[in-house]
Amino acid sequence: MQGIVFVLIFSLFAPMVSLKPLTIGTPSALAANRSVKTIAAGTKYATSLYVIRSGVSGPVVMVVGGTHGNEPAGYKAAHLIKDYSVKKGTLLVIPEANRIAVQNKTRTAPGVGDLNRSFPKTSSDKPDDPLARAIWQTVKDYSVDYLIDLHEGYKYHLQTPSSWGQTVIYYPNKGTKALADRMVSAINSSISTPSQRFSTVKYPYKGELSRSTGQFLGCHSYVIESCRLESLNTRIGRHTTAVKTALKYLNMQ
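Residue numbers (the numbering used here): 3 to 255.
Laid out in structure tokens, this is it:
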């Protein structure tokens with residue numbers, strides 16, 4: 003009976019309350035801020051680009067996974083990251099950059115060179131193949147400020163310097179190292195063995211997406227290298243920790 007009286011009283015006073023429609027945080031609003039596009043459309047290399055817009059001015063961050071198809075932690079982490087929301091700026095995610103290689107679980111696609119050596123090596127150079135050209139053009143079209151490329155190394159870099167496992171590799175534009183240090187610190191907070199911790203390394207190889215975007219487009223560019231000696235779930239967590247740290251550093255989350 004009390005519940006019925008409450009409903010009647012509320013209905014009497016309800017017309018006096020001005021209710022405004024919710025436009026932020028509702029499922030429809032969130033859906034409107036997300037879109038999926040195809041890069042390298044019309045070619046056998048076609049793959050998905052996820053665009054997450056906050057509607058608020060801020061940095062443009064691109065996360066790339068699956069450049070090498072035999073490095074599963076990167077593209078599996080990117081598939082999680084594509085579902086993130088941001089409160090400022092724009093998040094771009096290409097989970098399976100080299101989709102054919104990901105499907106085949108191989109470093110490269112059949113009959114094609116290494117995608118991560120196919121980007122410009124000089125300021126006047128152009129990408130080597132259609133997929134690299136499409137990714138390069140996407141970085142330019144969206145005026146990407148921060149680029150994070152997710153990869154895997156075979157051994158711990160601090161134990162075996164010839165391997166890049168457990169590193170954050172960056173191109174040293176002004177201010178870029180500060181975020182690299184922040185990501186390393188965040189990941190290392192859960193690693194107790196010193197020789198298995200992450201460290202920073204300058205200068206990705208020439209022809210890498212991170213090197214070319216940093217050197218020729220002025221991006222703050224990073225490669226996150228997990229180590230395949232760890233479990234897959236742990237490696238995925240290394241990547242998501244790095245990206246979450248970057249987004250928080252940029253006040254996007």
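From the three backbone atoms N, C-alpha and C, an ideal C-beta is built for every residue, glycine too.
Cβ-Cβ separation between Tyr-156 and Gln-168: approximately 11 angstroms, too far for a contact (criterion under 8 angstroms). Pairwise C-beta distances place the region 67–79 in contact with the region 229–248, as three or more of them are shorter than 8 angstroms. Counting of Cβ neighbours within 10 angstroms places Asp-151 among the buried residues, the total reaching 16 or more. For Gly-68, the three-state secondary structure derived from DSSP is coil.
Rounded to the nearest angstrom, the gap between the Cα atoms of Thr-202 and Asp-183 is 7 angstroms. Per DSSP, the continuous beta strand (DSSP E) segment holding Arg-55 begins and ends at 49–55. Among the bridge pairs identified by DSSP, Arg-36 is matched with Ile-54.
Counting only residues of its own chain and dropping the five nearest sequence neighbours on each side, Cys-221 has a CB closer than 6 angstroms to the CB of Val-146, Leu-149 and Thr-215. Considered as a whole, the region 86–124 harbours 92–96 as its complete beta strand (DSSP E) runs of no fewer than 3 residues, in chain order.
In the DSSP assignment, Leu-149 is bridged to Met-64 and Ser-223. Under the DSSP assignment, Thr-215 falls in the alpha helix (DSSP H) whose first and last residues are 211–218. Here the region 95–113 makes contact with the region 46–63; the two share three or more CB pairs at distances below 8 angstroms. In this structure Leu-252 does not touch Pro-122 by the C-beta definition: roughly 26 angstroms separates them, more than the 8 angstroms allowed.
Looking at the DSSP output, Gly-76 bridges to nothing.
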